[in-house]
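Engineer:
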Amino acid sequence: MTTTAPRPSFTSQASNYLDERTSISTMVAALGRKVFPDHWSFMLGEIILYSFVAILLSGTFLTFFFEPSMTAVHYDGSYVPLKGVEMSAAYASTLDLSFDIRGGLLMRQVHHWSALLFIAAIGLHMLRVFFTGAFRKPREINWVVGFILFILALAEGFTGYSLPDDLLSGNGLAIINGMIKGIPLVGTWISYLLFGGIFPGDDIVPRLFVLHIMLLPALVIAFIGVHLVLMVVNKHTQFAGPGKTNDNVVGAPIMPLFAAKAGSFFFIVFGFLVAIGSTFTILPVWDFGPYDPSPVSAGTQPDWYIGFADGALRLAPGLESEIFGLTLSWNILLPIAVLGLFIVLVMFYPFIEAWITKDQREHHIAERPRNNPTRTAIGAAGVWFYAVLWAAASSDLIATHFHLNVFQVTWALQAALILGTIIVYWITKRTAIALQKKDREILLHGFESGNIRRLPGGEYVEVHEQLDEYQSWKLKAYESYAPVMVRPNANGKITPATHLRSAMSRWFFEDRIEPITRSEIEASKHHD
Amino acid sequence: MSAEDQSAPREPSGHEQSVVVHDRGAAVEQTDAFENPGLPPHRPRQTDLHPHKERRAERQVVGWFLLSMLGSVLAIVAYIAVPIELGNMASVRANNLFLGLAIALALLGIGIGAMHWARQLMSSHEVVEERHLTRGSEPSRARAVEIFQLGDEESGFSRRSLIRNTLIGAIALVPLPAVILFRDLAPAQDAVEAIAHTMWRPGMRLALDPSGAPIKATDVTQGSAFHVIPEPLTEIGHNEGYLDQKALAAVLLVRLPPERLFEEPGREGWSYDGIVAYSKICTHVGCPVALYEQQTHHLLCPCHQSTFDVSHHAKVVFGPAKRALPQLPITVDDEGYLVAQRDFTEPIGASFFERLHHVDPEHVPLSAAETENRA
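So this is what it looks like as structure tokens:
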């Protein structure tokens, strides 16, 4: 490894020093020119990573000043309206951080905005992966890892939101307390242990603080590590395109182009977050006052990413049953069950689809959503379902802003949750199939050029032009699946699982548009 | 670079992994598919074609980096020159704005400059890398199996089943002490008992929240709503459970015109001269039910819109709550102040599993016809 030049440069000496102690050249050789494909949607995952770095940096600053304690103090800071008010040390230190520390408010707002971007980017990234089928073999495990990260991010968000111990966050905890109490058998005790006695107690803020700054971040970092290692092992998916196949990766090498783009994008994301944090107020906790179980103002809402859970609580029917002297709160259990089922379906979707297709091959081409109409429709229906629950968390604001009756808004949202999901599924599926038909039409007959010609006979026609070989490849390059027949197994039996798989595959693949073949194009040319 | 159709069956190409052919399942085999046309010709950028544009891009990158340096310096200047003056909110805002914008400039300058460099000046030629199956190579798979077999043989993990099974048993039991340790997260009291009752006692005066001033029945005008706490609550310090007791005992007091007040047989004595008192904690998940609508006598929970009719014993008329708000039986003392006759006759707040065990024998439930009448 040592260079034979008479005077080795500083760089080469330093590299040699490092390599002889770490073997780092092996890693550079293996990964330095690793190729990353380029598409705007692949940037969403990067936003997650970079906003997480912004969260860690700004959050570390906050821990130097925040006091995670519910001991009551008399506020004596510079925010006049709350002077002398009795409040927890957590709330008082949040006010001091905001009003008496230079850059404290900035870091608080950067922290909160980064957290919002973090979760929003996770949602969009998951949708990108879902709708392009990028969760298929060999990436099913990484989908689950990413899904766990999503749940951890929600937990981070909720624990962080609860720390300032202001009126809104305390009210959020009151709701959590009520939900936990609704769990049969263990709920009362879980709530009692969590809050260290009766609600609100004086233990919950320090406990959530430990989760928020130690346990959960450690898990997030660990799972991000696993997620990225698996991404390197599996390599990135790419969209179908000329020269791009299931057996190669086309794009930019890490050294230098991808590293430069990714590194600069980190600074852009971070700079953007600081710009927002300095110009847009987020969660002005000083407006709400310290937590008190008695007052609450109209229009209270959680942070948007918890909205779907709050909306589910609002839309649930008011049902409870009393059996053998015990109370079952269906108005709480039902929304928890529905959300739980929804989340479990999202987590296991890759395995469900793999079971239906029994396709054992590796898939590295990201599908265009239209080329898998049923999956795309399921995804769109899921998005709608989530969006209605989310909107329901603002049912009172919808009512006041549009001068509607809040009861009617709730009924409309209940209807939209059930019926709308079915309608959105159907519309999306038909739209995807229609788009596939349009692709076929373009391949067979060309696209409309906008060029109107008058024929000698006086007739006007629009000239159709053919796509070139490179442009048309994207429209041709996909696979379709056919429904599977019910067949007896080796023992001559037809199991219920076989029936189910056959029925599911009919649901998935009965309506399908096959990719175009050479003979079809040939036939259409002769026809012309 | 391979130009074969992504959907075509994998050709054995000399790479030893390619011998593995995975089942295609329900995927339709395409025999008549198109060939991948291969990478299109590379399109040079303006900066590749025109040296003056290349030089301009270079100057722009340098410009952004210089701006970033300026931003860093400005941030330090802002930290010192725009300080926070105690009590001056405008100075907080100015500090936040200038400090933040300067830091943003410092970061964005690096980001935009480096991005411009990458996009305009670095080689834009696409690089192609072959993929291989994710599974390990056949020799390493064989070696992995061999290693596990050796491990099993040398340790006797399968052979010495008694050792193995007792080890599994020991590992299964070892987390149990850790679970037990969590019992003292909360005091030794019974969890259900702790939330089953409030601090209201016979003769305890109703007082204004938060001042603690007792309320005379004559002060409660018709249509007004009072936020109420037990008078002795104010003697409890914030560090001695003030909020905990308040979260249980908070009450909303309303005076209704007698002709509008429906009273369940058995509860006639629980009100005083048209004045009724109900727990302020929602029976859904425990938010304070704080919005009183004077015209309809409805109480609305701002969290999930459960709506209670105060003129009908706070029964539920809308929303996810199931049970009426618990009523606090009240009367007046010798001096004309409103006092509680007793504690609530049932646990307040969100339902919990063991709730019915703590409903007092003297509790008067609402008749079925009343509770079923939802909007």
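In order, the protein sequence lines correspond to chains H and R.
Using UniProt numbering, the first residue of the first sequence is number 1, and each one after it goes up by one.
Using UniProt numbering, the first residue of the second sequence is number 1, and each one after it goes up by one.
A virtual CB, placed ideally from N, CA and C, is assigned to each residue, including glycine.
Taking the continuous alpha helix (DSSP H) assigned at H:H401, which residues delimit it?
Structural biologist: Element bounds for H:H401: S395 to H401.
Engineer: Between R:P230 and R:M199, how many whole angstroms is the CB-CB distance? I'm expecting something under 8 Å.
Structural biologist: R:P230 to R:M199, Cβ: 6 Å. Contact.
Engineer: Could you pull the start and end residues of the beta strand (DSSP E) that residue 529 of chain H belongs to?
Structural biologist: Outside the displayed range of chain H (1 to 528) lies residue 529 of chain H, so it cannot be described from this structure.
Engineer: Is the beta carbon of H:I176 less than 8 Å from the beta carbon of H:F150?
Structural biologist: The answer is no: Cβ separation not under 8 Å.
Engineer: The beta strand (DSSP E) with R:I119 in it runs from where to where?
Structural biologist: Checking the displayed sequence, the identity of residue 119 of chain R turns out to be Arg instead of Ile. Careful: R:R119 lies outside any beta strand (DSSP E), inside the alpha helix (DSSP H) at M89 to Q120.
Engineer: Just the Cα atoms here: how many angstroms apart are H:I148 and H:F130?
Structural biologist: Those two C-alpha atoms are separated by around 15 Å.
Engineer: For H:N142, which residues in the same chain have their Cβ closer than 7 Å to its Cβ, ignoring the five residues on either side in sequence?
Structural biologist: So the qualifying residues of the chain are H227, L230, M231 and N234.
Engineer: Quick one, which of H:T498, H:H464 and H:S329 has its alpha-carbon nearest H:L185's?
Structural biologist: Among H:T498, H:H464 and H:S329, the Cα nearest to that of H:L185 belongs to H:S329.
Engineer: Rank R:T47, R:N96 and R:I215 by C-alpha distance to the C-alpha of R:F226 and give the top, closest one.
Structural biologist: The candidate whose alpha carbon is nearest that of R:F226 is R:I215.
Engineer: List the residues that DSSP assigns as beta-bridge partners of R:D309.
Structural biologist: Paired residue(s): R:H298 and R:K315.
Engineer: Assign H:F351 to one of three DSSP states: helix, strand, or coil.
Structural biologist: Note: H:F351 maps to helix in three-state DSSP.
Engineer: Out of H:M107, H:I427 and H:M255, state which residue places its alpha-carbon closest to the alpha-carbon of H:T60.
Structural biologist: Minimum Cα distance to H:T60 is reached at H:M107.
Engineer: Within 8 Å of any Cβ in chain R, is that where the Cβ of H:R375 sits?
Structural biologist: No, no contact with chain R.
Engineer: Please report whether the beta-carbon of H:W189 lies at a distance below 8 Å from any beta-carbon of chain R.
Structural biologist: Closer than 8 Å: yes.
Engineer: Leaving out five residues before and five after H:I452 in sequence, what residues of the same chain have Cβ atoms less than 6 Å from its Cβ?
Structural biologist: So the qualifying residues of the chain are Y460 and E462.
Engineer: By DSSP's criteria, H:I323 is part of a beta bridge. Which residues make up the other side?
Structural biologist: DSSP, once it has assigned bridges, lists H:L326 as partnering H:I323.
Engineer: Are the region 414 to 432 of chain H and the region 374 to 390 of chain H touching, with three or more C-beta to C-beta distances below 8 Å?
Structural biologist: With the cut-off at 8 Å, the region 414 to 432 of chain H and the region 374 to 390 of chain H touch.
Engineer: Name the chain R residues that come within less than 9 Å of H:N372, Cβ to Cβ?
Structural biologist: Here the premise fails: no neighbours, minimum Cβ distance about 12 Å.
Engineer: Which of the three DSSP states is assigned to R:V228 in this structure?
Structural biologist: Strand, per DSSP.
Engineer: For H:T245, report the span of its alpha helix (DSSP H) as first-last.
Structural biologist: No alpha helix (DSSP H) holds H:T245; DSSP gives it neither H nor E.
Engineer: Measuring alpha carbon to alpha carbon, tell me which residue in R:I275, R:F262 and R:E263 is nearest R:V228.
Structural biologist: Minimum Cα distance to R:V228 is reached at R:I275.
Engineer: Could you check whether R:R323 and R:V316 sit closer than 8 Å to each other, using their CB atoms as the reference points?
Structural biologist: In contact: R:V316 and R:R323 (Cβ atoms closer than 8 Å).
Engineer: Is the beta carbon of H:P200 closer than 8 Å to that of R:L247?
Structural biologist: A small fix is needed here, since residue 247 of chain R is Ala in this sequence, not Leu. For R:A247 and H:P200, yes; Cβs fall inside 8 Å.
Engineer: Using a Cβ cut-off of 7 Å, pull out every chain H residue sitting near R:N96, in sequence order please.
Structural biologist: Near R:N96 (Cβ distances below 7 Å), the residues of chain H are L105, L106 and S278.
Engineer: Can you tell me the Cβ-Cβ gap for R:L356 and H:E322, rounded? I've got them flagged as a contact below 8 Å.
Structural biologist: R:L356 to H:E322, Cβ: 6 Å. Contact.
Engineer: Is the beta carbon of R:L108 less than 8 Å from the beta carbon of H:F267?
Structural biologist: It is a contact, given that the beta carbons lie within the stated cut-off.
Engineer: Output yes or no for whether 8 Å exceeds the beta carbon distance between H:S98 and R:L86.
Structural biologist: No, Cβ-Cβ distance for H:S98 and R:L86 is not below 8 Å.
Engineer: Using DSSP bridges, identify the partner residues of H:Y470.
Structural biologist: The partner list for H:Y470 (beta bridge, DSSP) is empty, contrary to what the question assumes.
Engineer: For R:V77 and R:A114, what's the separation of their Cα atoms in angstroms?
Structural biologist: When rounded, the distance between both Cα atoms is 25 Å.
Engineer: For H:I119, which of H:P456, H:I48 and H:V250 has the nearest alpha-carbon?
Structural biologist: With distances taken between Cα atoms, H:I119 lies closest to H:I48.
Engineer: List in chain order: all unbroken alpha helix (DSSP H) runs of 4+ residues lying wholly within the region 146 to 220 of chain H.
Structural biologist: Listed in chain order, they are 167 to 181, 187 to 194 and 204 to 210.
Engineer: In whole angstroms, give me the CA-to-CA distance for H:L500 and H:P483.
Structural biologist: Using only the alpha carbons, I get a separation of about 12 Å.
Engineer: Anything in chain H within Cβ reach of R:Y79, meaning under 8 Å, just list it in chain order.
Structural biologist: Here the neighbours are R102 and G103.
Engineer: What did DSSP end up calling H:Q238 once you bin it into helix, strand or coil?
Structural biologist: H:Q238 falls in the strand class under three-state DSSP.
Engineer: Quick one: grab the DSSP three-state call for R:F262.
Structural biologist: DSSP places R:F262 in coil when its eight states are reduced to three.
Engineer: Sorted by chain position, which residues of the same chain lie with C-beta nearer than 6 Å to H:R512's C-beta, five sequence neighbours on each side aside?
Structural biologist: Closer than 6 Å at Cβ, skipping near neighbours: S480.
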